[in-house]
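What follows is a set of notes on a single structure, which appears directly below.
Encoded structure:
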């Protein structure tokens, strides 16, 4: 009964939150969920350290981990404090503005429990995507002949994932698992918010040999179609725009040279260039590399360090035709507006992330963890063929993590 009450309360809390305008990490996707994984650079495919990390990174890991053989419940939250700035040059005039973002909280909950000696069930609810800017009332002028505020843009994309998970221990050292994904997404391009749902699945396998663990995971494309979200600058009826979380393949290796020390590395491939929405804005595929180290003292203290790198998927269009037109999902819009939205509206350009964390096990039933992440400043920009327009963005990310874990036998 205690487990059910805690899970119900946490689920209500997660669903009461929404991801505000945010600058995420690998493209528009978080590097990880919960302090343990995030403090290790997002690594977690081969040896996740808590229920949420297992469900997020590799469904098969629900059968192998520090949470076995009993049950575990995790509540986690991430406080994001991003800084995003835009520089817009039109002819001789240049404007620099800072997006009106405030620190915000992304909650997450997860639980794992045994069904039998070899079959285990997990359930996770967490935000996975947040991206956007708020340059309203900044007076950004894109038309020298008719001064105005055409560049005062507002964008917001949010995705929350609900993931029931089942895993089977084939042998004591090999497990397989799968998760069904129900996604809730919202998109606002300055003309009102559109909400909808999407579905997908994730499959994973985990193999343990001696002091090493090998893991792999595959996530299907997960599309959400947003109705009546934008008129694409036509001034006519608002149209549909689909955004599809890309198919993702991950592999990881974990090494435990001693009982106290864990070294883990992951590589992840995100298929942005074939995903609806992202391919329309010319994102390229992305390789992400994560490395994490954990030291767990027998007295209960845990220390973690990590690094995560993923080259920005946003292609630059140097020398674009500012007087031309572009196509997005069958809709025509001015290329100037298209490039402005790509560069200023969705600057998913953060690449280098450094992470750290500390945890402590207070008893056999309860432990707490904190962590932090800093993404180095990253700038990007492009200029049209005539040299009249230059659009650029600069992004810096900082976040702080808290996680509370309860164990039930």
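Numbering (mature numbering (1 follows the signal peptide of the UniProt record, and there is no 0)), first residue to last: -24 to -1, 1 to 385. Here a beta-carbon is modelled for each residue, glycine too, at the ideal position from N, C-alpha and C.
Query	Result
Would you mind stating whether residue 325 and residue 371 have Cβ atoms separated by less than 8 Å?	yes
When you compare only the Cα positions, how much space is there between residue 177 and residue 363?	46 Å
What is the rounded straight-line gap between the Cα of residue 45 and the Cα of residue 92?	10 Å
Can you check whether the CB of residue 311 is closer than 8 Å to the CB of residue 300?	yes
Taking residue 109 and residue 70 to be in contact with their CB atoms under 8 Å, please state how far apart those CB atoms are, rounded to whole angstroms.	18 Å between Cβ atoms; not a contact.
Quick check for students: name the residue ranges of the alpha helix (DSSP H) that lie wholly in the stretch 304 to 371, counting only runs of 4 or more.	311 to 316
Using the DSSP secondary-structure output, state which residues sit across from residue 83 in a beta bridge.	53
Where do the ends of the alpha helix (DSSP H) carrying residue 14 lie?	11 to 15
How would you write the range of the alpha helix (DSSP H) that residue 27 sits in, first residue to last?	27 to 33
Exposed or buried, residue 95, counting other C-beta atoms within 10 Å across all chains shown (16 or more means buried)?	exposed
With a threshold of 6 Å on Cβ separation, who are the neighbours of residue 278 within its own chain once the five nearest residues in sequence on each side are excluded?	272 and 335
Does DSSP put residue 374 in a helix, a strand or coil?	strand
Check whether the stretch 229 to 241 touches the stretch 200 to 220, taking contact to mean three or more Cβ pairs, one atom from each stretch, closer than 8 Å.	no
Does the beta-carbon of residue 385 have 16 or more other beta-carbons within 10 angstroms, so that it is buried, or is it exposed?	exposed
What is the residue span of the beta strand (DSSP E) that residue 94 lies within?	Taken as a continuous stretch (DSSP letters only), residue 94 belongs to no beta strand (DSSP E), as it is neither H nor E.
Consult DSSP for residue 266 and reduce its assignment to one of helix, strand or coil.	strand
Flag residue 15 as yes when its Cβ comes closer than 7 Å to any non-hydrogen atom of the ligand GDP, and as no otherwise.	What this structure holds is no ligand at all, so the ligand GDP is not there to describe.
Quick check: residue 87 and residue 103, are their CB atoms within less than 8 Å of each other?	no
Kindly indicate the opening and closing residues of the beta strand (DSSP E) around residue 140.	130 to 147
According to the neighbour-count rule (16 or more other Cβ atoms, all chains shown, within 10 Å of its Cβ), is residue 114 buried or exposed?	buried
Can you tell me which residues form a DSSP beta bridge with residue 178?	155 and 195
Taking only the alpha-carbon atoms, compute the straight-line gap between residue 101 and residue 179 and give it to the nearest angstrom.	17 Å
If you pair each beta-carbon of the stretch 123 to 139 with each one of the stretch 180 to 192, do three or more pairs fall below 8 Å?	no
Roughly how many whole angstroms lie between the Cα atoms of residue 4 and residue 338?	35 Å
Hey, residue 173 and residue 136 are a contact pair by Cβ (cut 8 Å); roughly how many whole angstroms apart?	With 8 Å as the limit, residue 173 and residue 136 do not qualify as a contact, their Cβ atoms being about 10 Å apart.
Roughly how many whole angstroms lie between the Cα atoms of residue 12 and residue 66?	46 Å
Is the CB-CB distance between residue 38 and residue 28 below 8 Å?	no
Who are the Cβ neighbours of residue 375 in its own chain at under 6 Å, not counting the five residues just before and after it?	54, 56 and 349
Helix or strand or just coil, what does DSSP make of residue 251?	coil
Looking at residue 274: is its Cβ nearer than 8 Å to the Cβ of residue 60?	no
Considering only C-alpha positions, which residue in the set 225, 316 and 82 is nearest to residue 117?	316
If we call anything under 8 Å between Cβ atoms a contact, is residue 24 one with residue 15?	no
What residues are listed by DSSP as bridge partners for residue 107?	133
Can you give me the Cβ contacts of residue 289 inside the same chain, cut-off strictly under 6 Å, excluding the 5 residues immediately before and after it?	3, 248, 259, 260 and 262
Do residue 270 and residue 358 have their beta-carbon atoms positioned less than 8 Å apart in this structure?	no
Report yes if the C-beta distance between residue 194 and residue 225 is below 8 Å; otherwise report no.	yes
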